[in-house]
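For reference, the structure is listed below as C-alpha cells.
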Amino acid sequence: MEMTIPVLILAIPLFMFLFLGLLGMKMSHKLAGTLGTLGMGTILVLSYYTAFQYFFSGAPEFINAAGERLQYLVFDQTWLQFTEKLVIKVGFFLDPISAMMLVVITTISFMVHLYSMGYMRDHHGVYEHGFQRFYAFLSLFSFSMLGLVVAPNIFQTYIFWELVGASSYLLIGFYYTKPSAVSASKKAFIVTRFADLGFLIGILVLSYYGGTFNFAELTSAPVEGLAGVSQVSLGTAEGIKAMFTNSAAPVFMGASVLTWALVLIFMGCMGKSAMMPLHIWLPDAMEGPTPVSALIHAATMVVAGVYLVARLFPLYLMETAALDIITVVGALTAFYAAMVACVQVDIKRVLAFSTISQIAFMMVSLGVARPEFHEGLGYMASMFHLFTHAMFKALLFLGAGALIHAIGSNDYTAMHGLRKYMPITHWTFLIGCLAIAGIIPFSGFFSKDEILSSCLGYSWVAYLWMSLVAGMTAFYMFRLYYLIFWWKEHETPEGHHAPHDQPWTMSLPLIFLAAVSCVAGFIPFGELVSWNGHPYDFMAHFDWSVAAVSLCVAVAAIVLATVMYRKENPLPSKMRNALPALWTWCYHRFYWDELYMFITHSIIFRSVCRPLAWFDRHIIDGTMDAFATVTNKVSEAIKPLQSGQIQMYVWYYLIGALALGVVTILCLL
Amino acid sequence: MDYSQFLAMKQEIALLVVFLLVFLYDTFMPKSTQKALPAFSIILMLLATAAGFCSHCLGSDTTVVAFAGMYETSAVIAAIKGILNIGVVIVLLQSIKWANGESMLMRRGEFYELLLVTLFGMYLMISARHFLVFIIGLESASLPLAAMVALDKNRYESHEAAVKYILTAVFSSAVFMMGLSFVYGLTGSLYFENIYFALTNQLNMLLVIAIAFVISGIGFKLSLVPFHLWTADVYQGAPTSVTSYLSVISKGAAAFAFLVILAQVFGPVYSKVWEWMLYALIILTITVGNLFAIRQRNMKRFLAFSSVSQAGYIMLGVIAMNAMGMAAMMYYILVYIFSNLAAFGVIGAIENATGKVSMDDYRGLYKTNPRLSVAMMLAMFSLAGIPPFAGFFSKFFIFTGAINQGSVAIYVLVLIALINTIISLYYYLLVVKAMFISEEECVIGWFRSSFSERLGLWITVGGILLLGLVSCVYSSLLNLAEVSPMNMYFMS
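Those sequence lines, one after another, are chains A and B. Residues in the first sequence are numbered consecutively from 1, following the working numbering. Residues in the second sequence are numbered consecutively from 1, following the working numbering.
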C-alpha cells in the first residue's frame, strides 16, 4: 500500500487545525465550518478507502494464505534516536482494530462536524462566539485520535494519548467564560493526567524489560523467512515471553515486572476510559458543547483505554492476573454507573453514566476473553461493542443535543411530551434506546449478547452480574426516554415558539446514525476482527440461550420502565421514599467527588502542600533573597575600582598580571 | 621565494582589495557621490565574505602553512574570519545613518578605512604562527581603534575615551612584549611551533611570569578582569557604531587568537600553568562583570560590563582545550555577534533619533516603539541565555565543551558560571522590565528608524531566533573543529 493516503489522513486534520486556528478569525463563521466539515469529509473517504483495502482487497500484505489478517506497517519513520536500541519512531500501522477505529473515528467526527454547523448557532441563526476555534479544536482532536489509533509503537500512542487529552481539555472548556466549564475541563485534565503518570511508568517498565516500544515486537515474534520487519503474524507472543521469562524474570514486590507494567498501563486506561475510581471527570465533562460530548466523551476518546488494552492483549494474556483486575474493575464500574444513571435528572449526565457503564462492558469483555473459550470471543465482542456503542451513543448524545438546543436546558423536567413536536429526534432517539437496551435486531443486541456469552465462559457470577447491569441499562434508558418524550407537555408561554425539529445539518447525522444502529449488528464482525487475526464464523459462537435470556431481561426492564414512567404516577416517588438512603447515595453518585475533595483538600493540601509552600517561601526564597542581597552589597563595595583614573587602571592591570604569575608560582612550589 | 604562497592569503587579499577600493573611492570620487560610500563598502564586504565562503565550499582552503611557517590558514580559520566578516557587515549596516550624519561629514571615509585596517590586523592575529606577525596584527588591530574611538570630535567623552584607550593599550602591549621577550630568552625562537617543542620539558618561574604577561596582553583586548578597566569608559565615550565593533568583532578575533596561542604555543604547560590562570580569570571576569553591570544606568556602559562578563563565558571554550570547546567558542562568538549587535542596533537607533542612552529613558518604551522593544527584549533574552533563543544554545554548548574536559575543577567552574547566569538574568531583565512593565510615560516618542537600521535589526533578530534552532550551524562548526590541525595540540 502506498504512503500517500495514510499520510494525508494524518496531515489533513493537522493542517485544518493550523489553518482554522490561525486564519479562522479572518473568515466568516460559515466558511470556517464548511471548510472544517469538508476537510473531515475528505478524511472520511480516505479512511473508508484504507479500511476497505485492508479488509477486503485480499492483498498479500494484509492477509496471508491461511486467511489470517496481518499487521502492516505503512511507514515507520525514525524521529529521535537516542541510542542504538532506544529509538522513537513515528509511523502508521494497520491491523484489524486500527482499521476499524479509522472508520469509527472518521464517521462520528464527520457527523459531529456536520451537526455542529446547526448546533453551534442559536434560533436566529447567529453563530456562537468562537465558532471557528471550535472547528479548529475538532480538527486537532481528530488528528490526535487518528494518530493514536494508528500508532505502531507505544510511545507514539502516549504522545497522541496526551494530545487527545489536551484537545479534550480545550473542548470541555470551550465556554471558557462559564466557571463550571473551566473547572470541569481542569478536572478532566488533572484526573487523566494523574492516571497517565501510571501509564508512563508502565511504558517505561515495559519497554525497559521488553527492549522495544513497538507493538509488533511487544505482542508477537517476527516470523522467520520474511524480509523486513513490516510483516509479522499476529498473536505469537513467544518473543516477548522469552524476554520476560528467561533467566529469572525480574520481580518487584511479589509480582513480576510484566504484571506491574500491565497494571500501570491499565491505570492510564482507567483514567481515559473513566473506570472507577478515576471516572469522576467524565460526568463533569458534559459541560462541553454536546457534539463534543458525542464525539469525545462517548464514541472515541473514552474508548482509547479499551483500545489500548486490546492492542496489548497478547501481553495481557501472559499475565492473566492483570486481566482479572480488569474484569473486576470493569464489573464494579458497570454496576455502579448503571445505579447512578437510574436517578439522574440531567439527560447528559444520564448518558455520561451510561457511557461509563458501557465502556465497562467492553473492559469486562476484554478481561474475560481467553483463547480457550471460543478463540477469544470476548476480544471480538469488546471491539464489536466498541463499534456499535460508538454509533448508538453518538446518536443518543446528538439527539440529546437536539433536545437541549430546542429547549435550552439539560434538565428533563423542562422537557416532557416532546414526541409530538420533534418527531425525527423522537424516532431516532428511540432507536438509540432500543439499541443500547439490546433489543433484537438493533446493533446493541448482538454485541452485548456476545459479551454476555464470553462472560458465561469465564464464570457464571460474571454472567449474572453483567446481565443484571444490562437489564439496568434498558431500565434507565427507557426511563429517560419516557420522561423526555411522554408525559404531559409543558405549556408554551405566550410569544414563544413551540419546540420544533432541527435543521437538516442536525437531522442528517441523527438519521444516518440511527440507520447504522439498525443494521450494524449484521456485520460479520468475527470475520474482520479477532484477537489473533484468525477469522471465525460468527454464528457458530452465537449462544441462543444467552440471547434469549438477555432479551427477556431487557424486555422486562423496559416493561418496568413503562409502568413507572410512561405517565405521571406515584410509583417512583413511593420507591424513593421506601429506600431513601439508596436513592440519596445514587443521586450523589456515591459521594465520590466529595471523597476526592476530602482527600485532596483536607489531607494532601493540608499535610503536604502547605509545608511545601512554607519551605518554598521561607527557605528557597530566603536563600535566593540572601543571594541577591549579598550580590548587591558586593557590587556596591567594589564600585570604587572603576574610578575613571587611568593611573589606577594601569596600576590594577600590572598588579593583576604580576599576581597571576606570582600566585601560580607559589602554587607550583 | 614561492609567490604562490600568497594564494593562501585569499581572505586577507580580498580584504586589502576592499580597503584599497574604499580608499580610492573616498579620495577620488566627487563629493556628490560620497553619500554612497557606506553602501559601497558594505557591498564590497559582502562580496569579500561571499568569496571567502565560496573558496571554502570549493574545498580549496585546506590547511596551508605559508611563508616559512609564519602564516597558517585552515578551514576553521577561514570560518572564524567568515564569522567576523558577517559581524562587520552588520556593524556597517547599522552605522550608515551615523556615518552619513552631520558630524561625520568630513570623516566618513576614515571610519571605513580604519575599520578595515583593524580587521586586517585581526586576520593576521588569527593566522599568525610567528610572534612578529602576531604583534603586527595586534598593533594594527589596536592603534587605529583609538582613532576610531575619537571619531566623534565634537564630544568631549570621545576624546577622553580615546586617550584612555591608547594609553592602556600601549601599556598592555609593552607588558605583552616583555612577556614575549622572556619566552624568546627561554626558547630562542618566536615561531609558535619551535616554542611549543622547546617548552615540552621546561617549567620555570620566568616562564610562568612570561605566560602571565602574555595572557594579560591578550586579556586586555578581551577585557578580562582585571585588565578590563578601560572597557566601560571607552565603550561609553566611543561612537555607538565603534562601540559595537569593539565589543563583538575585536573581542571575537582576540578570543580565537588567544585559543591559538595558548594551545599552539603554551600547550605543553596547560595543566600546570595557564589552566589555573585562566580558571581564576574566568571566575573573576564573569563575576566582576556581572556585579558591575547590575549598577549601570547608561545603556552603553551597561553593555560594556555585560560584554566583560560574556568574555568570561567565551573563555570557557578555551579552557576546555578540546575540539568541542573550540567549536562551541566559535558558535558562541557568532551568536554573541548577533545578540549584542541587536542590542547595539536598538541603542544606536534610539541614540540617533533622540540622543538618549540612559536606561531610565527606556521606561515604557514598549508603548511608543513596540518593535524596537521586542528586538531589544530578544537580544537581552539571547544574551541571558533563555531558550529557545540562540544564546541558550551557545551557552549550553560552551558549558558542554568545558564539562567534556573532564576534571572536577572544571565542573566547579561551570557551576560558578551557571550561578552567574542567574545574576546576569537579573540585569538583562531589568532592561526588559523598564521597557515593558514600567507604567511611566516614555520620554522617547515614537520615531521611525532608517531603513538600514531596520534591516540590521531584522537580520540580527532573525539570527537570534534561527541560529539555535537550525542545528546545522553548530554541527558544521563542530565538524570543522574536529578535522582542524588544532586537534593535534588538544590531544597532548
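Every residue gets a Cβ at the ideal spot worked out from N, C-alpha and C, and that includes glycine.
Residue from B/376, B/330, B/36 and B/426 whose Cα sits closest to the Cα of residue 476 of chain B: Taking the Cα of residue 476 of chain B as reference, the smallest distance to any Cα among B/376, B/330, B/36 and B/426 is reached at B/330.
Own chain residues within Cβ distance below 6 Å of residue 743 of chain A, not counting five before or after: Since the first and last residues shown for chain A are 1 and 669, residue 743 of chain A lies out of range.
Rounded distance between the beta-carbons of residue 357 of chain A and residue 750 of chain A, thought under 8 Å: Outside the shown range of chain A (1 to 669) lies residue 750 of chain A, about which nothing can therefore be said.
Within-9 Å CB hit, residue 661 of chain A to chain B: Taking a beta-carbon distance threshold of 9 Å, residue 661 of chain A counts as an interface residue toward chain B.
Residue 71 of chain B - partner residues in DSSP beta bridges: Listed as beta-bridge partners of residue 71 of chain B by DSSP are B/66 and B/128.
Below-9 Å beta-carbon distance, residue 195 of chain A vs any chain B residue: So, not an interface residue.
9 Å Cβ cutoff met for residue 253 of chain B and residue 285 of chain B: Contact check for residue 253 of chain B against residue 285 of chain B fails: the beta carbons are separated by 9 Å or more.
Host beta strand (DSSP E) of residue 79 of chain A (start-end): Segment 71 to 81, the beta strand (DSSP E) holding residue 79 of chain A.
Interface residues of the region 160 to 175 of chain B facing chain E [CB-CB below 8 Å]: This model lacks chain E altogether; the protein chains it does include are A and B.
Touching by the beta-carbon criterion (3+ pairs, under 8 Å), the region 523 to 532 of chain A and the region 90 to 106 of chain A: Touching, per the Cβ criterion.
Chain A within 9 Å of residue 150 of chain B, Cβ atoms only: For residue 150 of chain B, the answer is no, since every Cβ of chain A falls outside 9 Å of its Cβ.
Interface flag, residue 280 of chain B vs chain A, CB-CB below 9 Å: Chain A, which has a Cβ nearer than 9 Å to the Cβ of residue 280 of chain B, makes this yes.
Below-9 Å beta-carbon distance, residue 298 of chain B vs any chain A residue: Under the Cβ distance rule, residue 298 of chain B does not count among the residues neighbouring chain A, no pair being separated by less than 9 Å.
Identity of the residue in A/440, A/444 and A/109 nearest residue 299 of chain A by Cα: Measuring C-alpha to C-alpha distances from residue 299 of chain A to each of A/440, A/444 and A/109 identifies A/109 as the nearest.
Beta-bridge partners of residue 408 of chain B, as assigned by DSSP: Residue pairing from DSSP leaves residue 408 of chain B without any beta-bridge partner.
Own chain residues within Cβ distance below 8 Å of residue 323 of chain B, not counting five before or after: Hits under 8 Å: 478, 481, 482, 484, 486, 487 and 490.
Partner residues on chain B for residue 642 of chain A, Cβ-Cβ distance less than 7 Å: Under the 7 Å cutoff, chain B gives 229, 232 and 292.
Of the listed residues A/295, A/215 and A/415, nearest to residue 309 of chain A (C-alpha basis): Answer by Cα proximity: A/215.
Reduced DSSP category for residue 358 of chain B - H, G, I as helix; E, B as strand; rest coil: In the structure shown, the three-state DSSP call for residue 358 of chain B is strand.
Residue-chain proximity (residue 155 of chain B, chain A), Cβ-Cβ < 9 Å: Judged by the 9 Å Cβ criterion, residue 155 of chain B is not in contact with chain A.
DSSP state of residue 94 of chain A mapped onto helix, strand, coil: Here residue 94 of chain A sits in strand by DSSP.
Cut-off 6 Å between Cβ atoms - residues of its own chain near residue 330 of chain A, not counting five sequence neighbours on either side: Around residue 330 of chain A: 360, 363, 364 and 367.
Cβ-based neighbour list, residue 261 of chain B, same chain, cut-off 8 Å, excluding 5 preceding and 5 following: Take residue 261 of chain B, set aside five residues on each side of it, and the residues of its chain with a beta-carbon closer than 8 Å to its own are 134, 192, 214 and 218, in chain order.
Per DSSP, the bridge partner or partners of residue 121 of chain A: A/127, per the DSSP bridge assignment.
Three-pair Cβ contact test at 8 Å for the region 138 to 150 of chain B versus the region 78 to 87 of chain B: No, the region 138 to 150 of chain B does not touch the region 78 to 87 of chain B.
Cβ of residue 258 of chain B within 9 Å of any chain A Cβ: At a cut-off of 9 Å, the C-beta of residue 258 of chain B has no neighbouring C-beta in chain A.
Distance CB(residue 259 of chain B)-CB(residue 346 of chain B) smaller than 9 Å: Taking C-beta atoms as the reference points, residue 259 of chain B and residue 346 of chain B fail to come closer than 9 Å.
Contact under 9 Å by Cβ, residue 387 of chain A with residue 469 of chain A: Cβ distance not < 9 Å, so residue 387 of chain A and residue 469 of chain A don't count as in contact.
Test: residue 619 of chain A CB closer than 9 Å to a CB of chain B: Chain B contact via Cβ: absent.
Burial state of residue 399 of chain B (16 or more Cβ within 10 Å): Buried: at least 16 other Cβ atoms inside 10 Å.
For residue 224 of chain A, three-class secondary structure by DSSP: Low per-residue confidence applies at residue 224 of chain A: pLDDT is 38, beneath 50, and the placement is therefore not dependable enough to give any value.
Residue nearest to residue 99 of chain B in terms of C-alpha spacing, selected from B/112, B/88 and B/90: For the set B/112, B/88 and B/90, the Cα lying nearest the Cα of residue 99 of chain B is the one of B/112.
Beta-carbon proximity list for residue 410 of chain A, same chain, < 7 Å, skipping 5 on both sides: So the list reads 346, 347, 348 and 404, once near-sequence residues are dropped.
Assigned exposure category for residue 9 of chain A - 16 Cβ within 10 Å defines buried: The residue is buried, with at least 16 neighbouring Cβ atoms inside 10 Å.
Closest by C-alpha distance to residue 588 of chain A, when choosing among A/76, A/181, A/344 and A/577: Nearest option by C-alpha distance: A/344.
Inter-stretch contact at 8 Å, needing at least 3 Cβ pairs: the region 466 to 484 of chain A / the region 540 to 559 of chain A: By the Cβ test, the region 466 to 484 of chain A is in contact with the region 540 to 559 of chain A, since at least three Cβ pairs between them sit closer than 8 Å.
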